[in-house]
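Working notes for the structure below.
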Amino acid sequence: MLAWKRLSRSKIIWPLITLGILMLFNLFFTPNFFRIEMLEGHLFGNLIDILKNGAPIMILAIGLTLVIATHGIDISVGSVVAISAGVVAMLIGGDLAGNPKYPIAFAMGAALVACIAAGMWNGMLVSWIGMQPIIATLILFVAGRGIAMVTTNAMVIWLYAKPFALLGQGYLFGLPFSLYIVAFLLLATYLVTRRTAVGMFIEAVGINPKATRFAGINARGILFWCYAFSGLCAGVSGLVVCSTVMSADGNNAGNLAELDAILAVVLGGTSLNGGRFFLLGSMVGALIIQTLTTTIYAFNVAPEIAQVVKALVVYAVSLLQSETFRARVAGMFARREVAA
Amino acid sequence: MAGEEAWGMSESTPILEMRKINKHFPGVKALSDVDFRLFPGEVHAIMGQNGAGKSTLVKVLTGVYKQDSGEMLLEDRPIRPDSPLAAQKLGISTVYQEINLCPNLSVAENIFVGRQPLSLGRIDWGQLNRRAVEALKRLNVSVDVTQMLSSYSIAIQQMVAIVRVLDVSSRILILDEPTSSLDEAEVEQLFKVIRKLRDDGLAILFITHFLDQTYRISDRITILKNGEFVGEYRTETLPKLDLIARMLGKELSEFSFAMAGEDRKKESQKAGQDARSLLAVKDLGLRGAIAPFSLSLDEGDVLGLAGLLGSGRTEMARLIFGIDSANQGEILVKGRKTNIKAPRSAMLAGMGFCSEDRKSEGIFAELTVRENIVLALQGRKGTFRYIPKKKQLEIADELIKSLAIKTPGANNEAGQLSGGNQQKLMLARWLATNPIILILDEPTRGIDVGAKLEIMELILNLSRQGMGVIFISSEFEEVIRCSTRVAVLKDKVKIAELSGEQMSESNIMHTIAGGR
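If you read the protein sequences in the order shown, they are chains A and B.
Numbering follows the working numbering, with no gaps: position 326 of the first sequence is 788.
Numbering follows the working numbering, with no gaps: position 192 of the second sequence is 220.
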C-alpha cells in the first residue's frame, strides 16, 4: 500500500498506466497486435510500427519538453519540420538517378542550421524582446510554412537519393534507424540537463523567472537556448519525416505535429505551467498518441470519426492524470463508504 | 494627550461609525476592537505601518470581508454590506489603488460603462457625453470626454475613476493610495478635487503612506497598529513626530538604546580607518525611482536603511544589486569601478541580495530545499561546472544546520517551509556563494519573533567575520540594534546618515519628520 502511494505520486506512473490500458485493449480486441516477425533481418509488427511512426513526434517532444518546462510553448515546430524538409530536399535535389546535388551530409547539416536559426529567432523574441511565447512562435508557425514553400518553389520535391532513406526507412540491428536517433537525442538531452546545471536552471526559470534572475543566473540565456534547441529537434524531426516519405511538401510536412508533440509532453507529466520536466514521460506520451492512432487504424475507423475517438481518449487520459480530478473521485468513493 | 482631546470635542454627528470591529484570519488577528468614525465634509486619513490593518478595515467597510464582530452604523442605521456592490448601493464609493478603467474606451464611456443611457434600445451618445461633461464639472475638470482615456494623464484618469464611482447618492468616498503614481503637480490637482468634494459635504476616507500629503489634505487622522486602534486625532493637534511614534507604537519618552545597539556603536567607533572599503556608491540614481545617493560600506559594516514604506529603501537596494539600471552614478567594489548591469554582475562582484518579496522574487516553491540553496552558487560556478548531487547535499545540510532551518530534509519542497525558514533559506543561498556584501531587504518581515532574533544574530555574526551588510527594516529598533551606521530615507531621497551616538529611534524619527 505504501509502495503504491509512493508510486502514485511519481509522475511517470500515470502515462505508463494509460499506455498499459491501451495495450491491454489491443491485446483483447486487435488480432495479432503484439505479433513481431523477422523479415529479411528486420523486425516487423504493430509495436515496431508504433515506435517507428512515433519517432518524429518523440523527437519534437524532447525539444518541447524543455521549452514547456520554462513555462513557454513553441507552436512553430510543425512549420520548422517543413523548413527542414524543404531545405534538405532542395540541396539533395530531385535527380531521378539518385545523385545528390550536394553531399547528403552537407544538405542535412544545412537544414539543421536553418532550423536552429529558426529556434534562435523564437528564443530572441521570447527572451530579449519579452514577447509571450505563444505569440512569438505563432509568427514562425505562420511564416515557416511560407519559408518552406519558398525553398521548394512551392512544389513537392521527390527524392531518389537512396542513402538518405536510411533515416526514416532504414534498419540497424533489426530495428528502425529512427529509433536510434530518438535514443541518441534523448540520452544526450538527459545527460546535458541532468549531469550539468542546465536542468535545474530550466526548472528554476519555469517556476520563478524573477527569482532566477535575482539569484544571478542568466535567465534570458536559458530561455534563448531552450527555444534554439527546440528548433534543432524540429529540424531532426523534419529530416526523419522527409526521409520516410522521400519527399518535401511545404504544406503537409509536420502539419499539426506541434499539437501532438505538446500533447505528448503534457501527457508525460510536464505541466504547461513550467517547472519540473520529465523527458521519459514525454516519450511515453508520444507513444500513447501513436498507439492510439495505430489502434484506430487497426479498427478501420472512418477518418472523420477517428479524430473524435482520439479526442475522447485524450480527454479521458487528461482527467486520469489530473490530481484534482483523482482527488475528487477518491472523495466521492470515500463518502459512499461512509454512507454505507 | 491628543486622543482625549479629539474624542471629547463636540462636533457634528458622524455619518459613519464602526464600533469594536474584530476580524480574524487563520493565524492572524487582523483587527481587534477597532473603532472608526467618518464625518461629512471632512477628509479622514488612516495611518499605520504595513500590516497595521488599514486595508482590512476598509475591506470590511466596503463589504469585501465580513467582520467577526462589531457593528457599523451609517447615519445611525446598522449596515452589513456583503459585497462591494452592496456597499456602493449604500452610498459608499471606493476608488482602488490600481485604476480599474478601460484605457481604450473614451472618458465618457468609462464613466458610464455598464449603465449607458439608452434611447430606442441603442446607446444615446449625445446624452452620454453631455452627462459625462456635467459629472466632471462637479470636480471642476474639463476635458474632451470623447477622447480615449489613455490619452490623459494618470491624474485625470484618477479623477475619471472618482467620477465613475460617485453618483448622487454617494455619501462616502474611499481613496486607496490615490497618489502613489502621481507626480507633485498631479497630486496638487487631485487634492483640489478632493477639497472640492469635501466642501460639498462628502465624507472622504484617504489612505496613503506619504506623511506630508496626510498633513496637506486630511482634517482627521486615525492611527492603527498591529490591528489595534491607537487613537483618533484632529490633524492640527497631532505633531508629525507624535504620529510617527504612535504608528510605531512608541511613546517619545520610551526610546531607549537596546544593549546590542550600544555594542554596535562602540564597534563602529573602534573600527577606525584600517577597515577595507568593500563598496562605495557615488551619486547613483534612477529618475522616478530614487534621487542620486552616495554611500560606503567597509569590512564588518552593517549599514541600516531606515525610512517609512515607500521612502526608497528597496529602490536603493535594487539599484546597487543591478536589478534596475541606474541612469547616473557609479559603483566601486573593493575600490575598483565595477559595471553592474544585472544581478548576475552584482553576484560575480561578490554581492548577494535577499528580496523583501520572498514569494515572488526569492523562493522556488516547487524546487527542493537543496536546489534552492545551491542555485546561486551553481550560477556563480557556471552552468557546466556541475556541483555533484552529493556535494550539493553536503552544502545544503551544512547550511540547514548552521542556520537552523527547520525542514524534514534537504530534498523536501521549499514551498512547505514556514516564512521564517524560507527567509533563512534565501540567506543560505547567498551564504553558499561566500559573498563579501550582503543586501537584506526586510529579512525580518512577516516572521515570528524567534526567527527574527536568529536572523539579527546572524547578521551581527557575519559582520564580525568581515562581511559588509546592508540591512533594511521597517522596524527602526531592529535597524539600530544591528547597524553600525544608519542611512535615513524619505520620499525617495537619502536625507541623512547617522552613526555612533546619533543612532536612536527618536533621532531617526526627528530626521524623517523634519527632513526636507
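Every residue gets a Cβ at the ideal spot worked out from N, C-alpha and C, and that includes glycine.
Quick caveat: nothing in here was measured; it's all calculated off a predicted structure.
Interface annotation, Thr527(A): not in contact with chain B, CB-CB separation never under 8 Å.
Assignment of Tyr633(A) by DSSP, reduced to helix, strand and coil, places it in the strand class. Per DSSP, the beta-bridge partners of Cys382(B) are Leu468(B). By the Cβ criterion, the region 753-767 of chain A is not in contact with the region 724-740 of chain A, since fewer than three pairs of Cβ atoms, one from each stretch, lie closer than 8 Å.
Taking 8 Å as the CB threshold, Phe499(B) stays off the interface with chain A. Val56(B) counts as exposed, since fewer than 16 other beta carbons sit within 10 angstroms of its beta carbon. Here Thr366(B) is bridged, per DSSP, to Ile359(B).
Nearest to Thr207(B) by C-alpha distance, out of Ile200(B), Leu218(B), Leu201(B) and Arg199(B), is Leu218(B). Contact between the region 662-669 of chain A and the region 519-532 of chain A is established, with three or more Cβ pairs separated by less than 8 Å. Counted as a single uninterrupted DSSP element, the stretch harbouring Arg248(B) is not any alpha helix (DSSP H) but the beta strand (DSSP E) occupying residues Arg248 to Lys253. When DSSP states are grouped into helix, strand and coil, Lys220(B) belongs to the helix group.
For Val660(A), the nearest CB of chain B lies under 8 Å from its own CB, placing it at the interface with that chain. For Met454(B), the enclosing alpha helix (DSSP H) has its first and last residue at Gly447 to Leu459. Distances from the CA of Thr753(A) to each of Gly516(A), Phe490(A) and Asn494(A) were compared; the closest alpha carbon is that of Gly516(A). Bounds of any alpha helix (DSSP H) do not take in Asn128(B), whose DSSP letter is neither H nor E. Annotation note: the region 683-748 of chain A contains no uninterrupted beta strand (DSSP E) run of length 3 or greater. Residue burial is scored here from C-beta neighbours: Gln186(B) has at least 16 other C-beta atoms within 10 angstroms and is therefore classed as buried. Under the three-pair Cβ rule at 8 Å, the region 584-599 of chain A does not count as touching the region 546-559 of chain A. Contact of Met375(B) with chain A by beta-carbon distance below 7 Å involves Gly678. Per DSSP, Ile524(A) is one residue of the alpha helix (DSSP H) stretching across Asn508 to Ala531. Taking Ala673(A) as the centre and dropping the five residues before and after it, the same chain places the C-beta of Ala666 closer than 8 Å to its C-beta, in chain order. Contact note: Ile669(A) reaches chain B through Phe392, Ala393, Glu394 and Leu395, using a C-beta cutoff of 9 Å and chain order.
In this structure the region 767-779 of chain A does not touch the region 506-513 of chain A; the number of beta carbon pairs closer than 8 Å is below three. Between Gln406(B) and Val397(B), the alpha-carbon positions lie close to 14 Å from each other. Shortest Cα-Cα distance from Ser373(B) to any of Ala80(B), Arg346(B) and Leu85(B) involves Arg346(B). For a Cβ distance threshold of 8 Å, nothing in chain A lies close to Pro42(B): the least Cβ distance comes to about 45 Å. Counting every other CB atom within 10 Å of its CB across the protein chains shown gives Phe603(A) a total of 16 or more, marking it as buried. Listed along the chain, the chain B residues whose CB falls inside 7 Å of the CB of Gly737(A) are Glu394. About 35 Å separates the beta carbons of Gly503(A) and Ser692(A), which is beyond the 8 Å limit, so they are not a contact pair.
Counting other Cβ atoms within 10 Å of its Cβ, Arg513(B) reaches 16 or more and is therefore classed as buried.
For chain A, the residues of the region 455-466 of chain B that bring a beta carbon within less than 7 Å of one of its beta carbons are Arg457, in chain order. Leu225(B) is classed as buried because its beta carbon has at least 16 other beta carbons within 10 Å across all chains shown. Inclusion of Ile139(B) and Gln95(B) in the CB contact set at 8 Å is not warranted, their separation being larger than that value. Around the beta carbon of Asn508(A), 16 or more other beta carbons sit within 10 angstroms, so the residue counts as buried.
Considering only Gly606(A), Phe635(A), Val770(A) and Leu587(A), the residue with the shortest C-alpha distance to Cys577(A) is Gly606(A). Residues of chain B whose Cβ lies closer than 7 Å to the Cβ of Lys672(A) are, in chain order, Ser388 and Glu389.
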